[in-house]
Amino acid sequence: MVKRVTLTSLYLFAALIVITGCSGSKDKKEKEMQEEVMAIHDEIMPKMGRLERLSQKLDSVKKSLKSQDKASASKIVELEKKKQALSDAHKSMMQWMRNYERPGDTMAHQDVMEYLQEEKKKIQDVKDKFKTSIQQAEEMLTSNN
Numbered sequence: 182m183v184k185r186v187t188l189t190s191l192y193l194f195a196a197l198i199v200i201t202g203c204s205g206s207k208d209k210k211e212k213e214m215q216e217e218v219m220a221i222h223d224e225i226m227p228k229m230g231r232l233e234r235l236s237q238k239l240d241s242v243k244k245s246l247k248s249q250d251k252a253s254a255s256k257i258v259e260l261e262k263k264k265q266a267l268s269d270a271h272k273s274m275m276q277w278m279r280n281y282e283r284p285g286d287t288m289a290h291q292d293v294m295e296y297l298q299e300e301k302k303k304i305q306d307v308k309d310k311f312k313t314s315i316q317q318a319e320e321m322l323t324s325n326n
């Protein structure tokens, strides 16, 4: 009888350790994924000001082209497209920040991981928009100097 109680206690203790260990592993994976998402955000956040400065420079070039001949019309259209791309990148970042919510403790691990994976994809898309719009605007400004 004593052996049976001891074995039962031992099994319960082992099960508790396994459950606790799995929970810690899940928490660690969730935390790592959360950190990956926020690392992308933190990488592009400082570039918000750069978007605005490039947009202002494009406006300045556009104004000077408007005062020139009619041949500048196609360049003005291109400048407006680049400026719109900068604006779209900015808006996508603002929208992501407005809609992002840190997953709650009550969510199941699988749901948390799926949510974070989707958010990682979204913020990566924002990063790609930033990179492309900045690069294209800078190229346009360089070619107009």
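Taking our numbering, the leading residue of the sequence shown gets 182, the next gets one more, and so forth. Even glycine gets a Cβ: it sits at the ideal position worked out from N, Cα and C. These figures come from a predicted structure and were not determined experimentally.
Whole-angstrom distance between residue j and residue i, CA atom to CA atom
i: D292; j: Q249; result: 58 angstroms
i: D223; j: S245; result: 36 angstroms
i: M274; j: L232; result: 11 angstroms
i: T201; j: D208; result: Residue placement at T201 cannot be trusted, given a pLDDT of 47 that sits under 50; the coordinates are not used to answer.
i: Y192; j: A270; result: Because Y192 sits at a pLDDT of 49, beneath the cut-off of 50, its placement in the model cannot be relied upon, and the point is left open.
i: I315; j: E299; result: 24 angstroms
i: M278; j: K256; result: 33 angstroms
i: D286; j: K272; result: 30 angstroms
i: Y296; j: G230; result: 29 angstroms
Of the listed residues the options, nearest to residue i (C-alpha basis)
i: K238; options: W277, I304 and L260; result: L260
i: A220; options: K243, Q305 and H290; result: Q305
i: K301; options: K212, S206 and E217; result: E217
| request: For the region 240-313, list the alpha helix (DSSP H) runs that are entirely contained and at least 4 residues long, ordered along the chain. | output: 254-280
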